[in-house]
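Residue numbers (mature numbering (1 follows the signal peptide of the UniProt record, and there is no 0)): -25 to -1, 1 to 70.
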Ligand code: HEC
């Protein structure tokens, strides 16, 4: 009986750790991509300039996609989305 309990506890703990690392990886997935390809022309101060050109999540999506296309950056749709989410979390704060 106690052995099953230990096994159960270990599994739960392993699951929690795994889950946590997935969440963290998700949150920062866009940052290295962004820092590698997007800081050639402007720094991150672009994302808090006044007045901001981008005023909604949809505009941010459009702007990032435009910058990706214009600069011939080879990102998958998923990578582009990671960067949008990163900018959103770190600077813009859109829902
Ligand atoms: C070739 C130079 C260049 C590169 C590389 C570049 N950008 Fe830009 N970006 C600009 C310029 C210039 C502006 C300002 C456009 C304006 O004022 O209308 C801008 C504006 C922006 C804005 C709007 C800022 C605001 O006012 O809210 C965002 C967001 C943005 N860039 C994201 C990115 C992302 C993400 C990447 C990487 C994929 C990237 N940029 C790469 C030149 C670049």
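C-beta: ideal position from N, C-alpha, C; glycine also.
{"Asked": "I need the boundaries of the alpha helix (DSSP H) containing residue 42, first residue and last residue.", "Found": "32 to 45"}
{"Asked": "Assess contact between the stretch 60 to 70 and the stretch 25 to 43, defined as three or more Cβ pairs (one per stretch) separated by less than 8 Å. Is contact present?", "Found": "yes"}
{"Asked": "Should residue 43 and residue 5 be called a contact, given that it needs their Cβ atoms to be closer than 8 Å?", "Found": "no"}
{"Asked": "Pick helix, strand or coil for residue 4, following the three-state DSSP scheme.", "Found": "coil"}
{"Asked": "Does the beta-carbon of residue 25, which I'm using as the reference point, lie nearer than 7 Å to any heavy atom of the ligand HEC?", "Found": "no"}
{"Asked": "Pick from 46, 8 and 25: whose alpha carbon is nearest that of residue 16?", "Found": "46"}
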